[in-house]
Amino acid sequence: MSAEFPSVRPRRLRSTPAMRRLVAETRLHPAELVLPAFVREGITEPRPITSMPGVVQHTRDTLRRAAVEAAEAGVGGLMLFGVPEVQDAVGSEGTNPEGILQRAIRDVVSEVGDQLVVMSDLCLDEYTDHGHCGVLAEDGSVDNDATLERYAEMAVVQADAGVHLVGPSGMMDGQVAVIRRALDAAGHRDTGILAYTAKYASAFFGPFREAVGSSLKGDRKTYQQDPANAREALRELEQDLAEGADLVMVKPAMAYLDILRQVADASPVPVSAYQVSGEYAMVEAAAANGWIDRERTIMETLTSIRRAGAEQILTYWAVEAAGLLR
Ligand code: PBG
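Position 193 of the sequence shown, counting from 1, maps to 192 under numbering that gives the first Met the number 0, and the rest follow consecutively.
Quick look at the structure:
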C-alpha cells in the first residue's frame with residue numbers, strides 16, 4: 000500500500016445516514032424547546048410582527064390556542080410577554096393583577112399548565128413609556144434599587160396568577176435575591192426563577208422592540224453586558240447562583256456560543272439559551288430570498304446552541320422544530 004493513502008479514515012463514520020445517526024453527539028428533543036409568545040391587550044385579531052414573519056402578537060384567545068398547539072407538539076415550555084394598552088413611567092400594568100400578562104398566565108396555566116412549564120418575562124420595558132427595563136432616577140438614569148422594588152411586586156402578581164417560573168430579564172444587580180425573597184414572603188416557595196444571567200446589550204433584540212411596542216430611545220448599555228466581555232458572564236453566574244436562581248440563561252445565543260460553553264461548564268443548575276428575535280429574523284429573511292435552506296438552517300442553529308451547552312432553548316421556531324424532530 001502506498002504511503003500517501005491514509006489508514007485513519009474519519010469518513011467511515013459519515014458514510015450513511017444510519018452511521019451518522021448512530022454516532023451523533025448532540026440530539027435535540029421537543030421537550031427542551033421553549034416557545035416565547037406575545038399577548039397584546041385590547042385586540043380582537045392577532046397582529047403580525049413585520050420584522051418577525053410568522054410570529055404574531057396574540058389575542059388572549061389565540062394565545063390559548065397556540066399554547067395547546069405547543070403542548071400537543073411536545074414543546075417543554077412557554078415564555079409569555081405581555082403588551083399592555085397603557086404604558087407609564089413606572090410600568091404600572093406590570094403589577095396590575097388584572098394586567099394582560101397576569102390574565103394570560105391564568106389562561107395558559109389553566110389550559111396547558113399540567114402539560115408544560117409556563118414562564119413569564121419579568122421586566123418593565125414592555126410597560127414603561129420610556130422603554131427602559133427599570134424606573135428612572137431624576138437624572139434619567141435607570142435606578143437599580145427602585146427597580147428592584149417593582150420587580151418584587153411583579154414577581155408576586157405573576158406567581159399569584161400561577162406561573163411556574165419567572166424570568167427576570169432586566170439585568171439589575173440583585174434582582175434574583177429580591178425576587179426570591181418576595182416570592183417566599185408571599186408563600187410562593189414553589190415558584191422558580193429562570194434568571195437571565197448573561198444578557199448582552201445586543202442589536203439582535205431589534206425585532207423584539209416592534210413585537211412589544213417598545214418606545215425605547217437610546218440603549219441598554221448601562222445594565223446589559225458589553226459584547227466585548229466574557230468574564231463578567233461568570234461573575235453574573237456566581238451572583239445569580241448565590242441569590243437562588245433555579246435555571247440560568249445566556250442571551251442572545253448564536254453570537255454568544257463561547258459564553259454559553261463557559262457558563263455550561265461552570266453551572267451546577269440547568270443552562271438555557273435564548274435564540275432571540277434578530278436571530279430569527281436573519282434566517283427568515285435570508286430564506287425568503289432563497290439564499291439559504293430554511294429548515295436545515297433552523298435545525299443547524301438549534302443543534303449548535305445545544306452542542307455549545309444549552310439544555311433548554313427558547314426559540315420562536317419551537318413548535319415547528321418540534322414537528323421536524325418527530
Ligand atoms: C426584556 C427582554 C428583551 C428580550 C427578552 N426580554 C428585550 C431587551 O432586553 O431589549 C428580547 C427577546 C428577543 O429579542 O427575542 N423584557
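Beta carbons: idealized from backbone N, C-alpha and C, even for Gly.
Distances from the alpha-carbon of residue 103 to those of 147, 161 and 137 put 161 closest.
Residue 194 sits in a strand when the DSSP states are folded into three classes.
Taking a contact as a CB-CB distance under 8 angstroms, the pair residue 172 and residue 128 does not count as one, their CB atoms being some 24 angstroms apart.
Of the candidates 120, 212, 49 and 40, 212 places its Cα closest to the Cα of residue 130.
Annotation for residue 22: 12 place their beta carbon closer than 7 angstroms to its own, counting only its chain and skipping 5 residues before and after. If you ignore the 5 residues before and after residue 256, its C-beta comes within less than 6 angstroms of the C-beta of 307, all in its own chain and listed in chain order. Taking C-alpha positions only, residue 55 is separated from residue 64 by approximately 13 angstroms. Ranked by Cα distance from residue 250, the first of 242, 240, 244 and 270 is 270. Proximity of the beta carbon of residue 120 to ligand 1 is indicated: a heavy atom of the ligand is located closer than 6 angstroms.
In this structure, DSSP gives residue 150 a helical state, which the three-state scheme calls helix.
DSSP lists 56 as the beta-bridge partner residues of residue 46.
Around the beta-carbon of residue 31, 16 or more other beta-carbon atoms lie within 10 Å, marking it buried. The three-state reading of DSSP puts residue 157 in helix, counting H, G and I together. Closest in C-alpha terms to residue 84, from the list 313, 53, 116 and 41, comes 41. Linking residue 70 to residue 119 through their CA atoms gives a straight-line distance of about 17 angstroms. Per DSSP, reduced to three states, the secondary structure at residue 5 is coil, with no helix or strand assignment.
Distances from the CB of residue 262 to the heavy atoms of ligand 1 are all 6 angstroms or more. Contact check for residue 321 against residue 35 fails: the beta carbons are separated by 7 angstroms or more.
Close CB contacts of residue 50 within its chain, under the 6 angstroms cut and outside five residues either way in sequence, are with 206, 209 and 280 (chain order).
Under the DSSP assignment, residue 312 falls in the beta strand (DSSP E) whose first and last residues are 311-313.
Distance between residue 79 and residue 38, taken at the CA atoms: about 7 angstroms. Assignment of residue 162 by DSSP, reduced to helix, strand and coil, places it in the coil class. As summarised for the segment 82-133, the continuous alpha helix (DSSP H) elements at least 4 residues long and confined to that stretch are 99-111, given in chain order. In the three-state scheme derived from DSSP, where H, G and I count as helix and E and B as strand, residue 76 is classed as strand.
Listed in chain order, the non-local C-beta contacts of residue 149 below 8 angstroms within the same chain comprise 89, 90, 93, 94, 123, 133 and 134, local neighbours out to five positions each way being set aside. Non-local C-beta neighbours of residue 298 in its own chain, meaning closer than 8 angstroms and more than five positions away in sequence, comprise 27, 320 and 323, ordered along the chain. In the assembly as shown, residue 204 is a buried residue. Its beta-carbon has 16 or more other beta-carbons within 10 Å. Closer than 6 angstroms to some heavy atom of ligand 1: that does not describe the Cβ of residue 37.
Around the beta carbon of residue 6, a 10 Å sphere encloses fewer than 16 other beta carbons of the protein chains shown; the residue is thus reported as exposed.
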